[in-house]
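So for the sequence shown, my numbering puts the first residue at 29; every next one is plus one.
Okay, structure first, notes after.
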Amino acid sequence: MLRNHLSRIYLSYGLNHFTIDAPFRWLLEAFGLPESYVPRLEKLGEFVGREFLELVDYIDKSSPPLLQMWDVKGERLDWVHLNPAHRELLEALLRQGIISATFREQAPWQFHYAAGYLIADAGIYCTLTVTNQTVYALEKYGSPELRQKYLPRFLPEDDREAWFGATFYTETHAGSDLGATTAEAVRENGEWRIYSRDKYFASNAGIADAALITARPRGAPSGPKGLALFFVPAYLENGQPNYIIRRLKDKLGTRAVPTGEVELEGALAYPLGKTDQGIYIALEVLTLARIANSVAAMGLSRKAYLEALQYTEHRMTFGKPLIAHPLIKKDLLEMEVLLEANLALALKTVALFNRCARLTPPYNADYHYARFLGHITKNMTAEASALITRKAMELFGGIGFLEEFPIARWHREALVTPIWEGSSNIQALDMLEVMLKKQVHRQFFEEARQILKSLSDFPGTPALRQQLQRVEKQTEAILNGSLTLAQFRAKDLLTQLGHLANPLALLEAARAVSDQEAQERFREIAALYITQYLEHKSLPDGILQTIDEIIHFCR
29 MLRNHLSRIY LSYGLNHFTI DAPFRWLLEA FGLPESYVPR LEKLGEFVGR
79 EFLELVDYID KSSPPLLQMW DVKGERLDWV HLNPAHRELL EALLRQGIIS
129 ATFREQAPWQ FHYAAGYLIA DAGIYCTLTV TNQTVYALEK YGSPELRQKY
179 LPRFLPEDDR EAWFGATFYT ETHAGSDLGA TTAEAVRENG EWRIYSRDKY
229 FASNAGIADA ALITARPRGA PSGPKGLALF FVPAYLENGQ PNYIIRRLKD
279 KLGTRAVPTG EVELEGALAY PLGKTDQGIY IALEVLTLAR IANSVAAMGL
329 SRKAYLEALQ YTEHRMTFGK PLIAHPLIKK DLLEMEVLLE ANLALALKTV
379 ALFNRCARLT PPYNADYHYA RFLGHITKNM TAEASALITR KAMELFGGIG
429 FLEEFPIARW HREALVTPIW EGSSNIQALD MLEVMLKKQV HRQFFEEARQ
479 ILKSLSDFPG TPALRQQLQR VEKQTEAILN GSLTLAQFRA KDLLTQLGHL
529 ANPLALLEAA RAVSDQEAQE RFREIAALYI TQYLEHKSLP DGILQTIDEI
579 IHFCR
């Protein structure tokens, strides 16, 4: 008999990762997911708790993607060979409608990002989210001819045959500085061709059937405003590679997604939108990616928390279960408070993006506000994920540091979330830019005042008012000073805005959700967050009366 003992390695194996997660379900309701999508998420939660866990564990440990550069005839192939089970896993996820539902059914973005939270695995979800971004840009900005030719390949009736996408922006010398891009787009015989020897972090290279690539049309001005965004097929109609994959990178985590270095020597390319609006479209695509990063960061945190919770329930120390020790309960409580607060802000950002996803440049206030919150939530969730997964590792003790058990991998995967889609410095500077140019902070502060007015008998109200006044004053001082000083203070400001936004998102959810238990829980979590991060006080003694109910989040 072929035995499966994975449940003795992954303590969460066999659980439905959607149905057990009451705070997640409640937050989805609060931030606008229609009830009709719940059965699909239940099905995905069942899959994620069984076959998915086993496959991603095996891929990470034993079966990474392999680059096949040449075929047996000596011709360039530039193909990434996946384990057949890896291919089947991706196809199984596509069959759940994670990408196609948004475009074929006009499903709200809450569904796609809820699926991303459940999947969470940074490598697998990266493949899916860059594909999602490719379809999004093609469907929204491609010419009618381009859409007619390529959209059916990404969105076929049978998702098993669907194409995959990618985004290739980064160059070695430039990093996050898109304005320093040297890739050049040239019109030759009526076609666009891209020349670049240096797309350095090309996620999904070798899997992708097409990629979004930034390049500067010949003669366009220097800097970010001279960029255009192009749709670039991986292969030409004759089957020859359209670009070369130089190598795949050896990474600390995200091993399920191949990250390559790509060279383009006259690659056939198709512009998306107007070539003089490329930077705006490229940043719009990045907004999708940053939201995906946020929900995945919290999904990783939930997986790590779930493993730690179950381990502490079974591990005996000093004559009693580990979880019976007050300090262990305190650790779990602090992890859960941080997780739920950041998840609330992430899902609020998803809801805001859902309202403005069809807008095009020059956009409107709703888009700029969603982008503003996107920078904040990307940074806050990434920092929280790195901390929560590290604390989970600590609760396991020495075995948490061993690669043979899951918690080490969840922490490894979480460590990429502060780096992907722009580090904390980039998020702070981009947030500062949209505040200076669009004054979006005024909408944020007004919204905060309206939420505070609606509160009754909430113990954290005075601290929230003080934080609001403090951050408003800090913001005005920074924005009215020198640009150098504003940049120096930008990350501090982002963090302070985040510490205000997180409990406000929880309180907004408490007002919107129908379940009374959920309302009370979110108010309590918000109060605990305020105590820790705004008042910088110890948790109240009375928390010992309700701590068990909070840390056991399953309902």
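Just so it is clear, CB atoms sit at the ideal spot from N, CA and C, and this is done for glycine as well.
None of the values given here were measured: they were computed from a predicted structure.
Where the beta strand (DSSP E) through S231 begins and ends: 219 to 231
According to DSSP, is F75 part of a helix, a strand, or is it coil? helix
Candidates I126, E461, F259, P67: which alpha carbon is nearest S171's? Ranking I126, E461, F259, P67 by CA distance to the CA of S171 puts F259 first.
N- and C-terminal bounds of the beta strand (DSSP E) containing T242: 238 to 245
Suppose you measure from the CA of D278 to the CA of Q161; what does that come to, to the nearest Å? 24 angstroms
How many whole angstroms separate the CB atoms of A230 and F196, which I take to be in contact at a CB cut-off of 8 angstroms? 5 angstroms
Counting along the chain, where does the alpha helix (DSSP H) carrying Q573 start and finish? Unbroken run through Q573: none, as it is neither H nor E.
Neighbourhood of Q502 by C-beta, 7 angstroms cutoff - its chain only, sequence neighbours within 5 removed: L521, Q524
On the DSSP letters alone, give me the boundaries of the beta strand (DSSP E) that T287 sits inside. 287 to 299
My output table needs one value for A190: the three-state DSSP class, helix, strand or coil. coil
Between the Cα of A233 and those of T210, G509, W191, F59, spot the shortest distance and give me the residue it belongs to. W191 is the residue among T210, G509, W191, F59 whose C-alpha sits nearest the C-alpha of A233.
Under the three-state DSSP convention, the category F259 falls into: strand
Decide if L118 is buried, meaning its Cβ has at least 16 other Cβ atoms within 10 Å, or exposed. The residue is buried, with at least 16 neighbouring Cβ atoms inside 10 Å.
What do you reckon, are the CB atoms on S322 and A398 nearer than 8 angstroms? no
For S40, tell me which candidate among S64, P67, F80 has the shortest Cα-Cα distance. Here the closest residue by C-alpha is F80.
Do the CB positions of Q96 and W107 come within less than 8 angstroms of each other? Yes, Cβ-Cβ distance for Q96 and W107 is below 8 angstroms.
6 angstroms CB neighbourhood of A540 in its chain, flanking five on each side removed: A58
Start and end of the alpha helix (DSSP H) containing A398? 393 to 424
For S224 versus A243, is the C-beta spacing smaller than 8 angstroms? yes
Would you check whether the ligand SAM has a heavy atom nearer than 7 angstroms to the C-beta of F472? Judged by which ligands are present, the structure shown has none, so any question about the ligand SAM falls away.
Count the other CB atoms within 10 Å of the CB of T377; is the residue buried (16 or more) or exposed (fewer)? buried
Among Q134, L328, Q138, whose alpha-carbon lies nearest the alpha-carbon of Y153? L328
The alpha helix (DSSP H) that contains Q495, what's its start and end? 489 to 507
Could you work out which residue in S204, G193, T303, M326 is closest to P261 when comparing CA atoms only? G193
DSSP has M344 in a bridge; who is on the other side? Note: M344 sits in a beta bridge opposite P349.
Segments assigned beta strand (DSSP E), at least 3 residues, entirely inside the segment 101 to 161: 104 to 109
Distance check for D458 and S451, CA to CA, integer angstroms please. 11 angstroms
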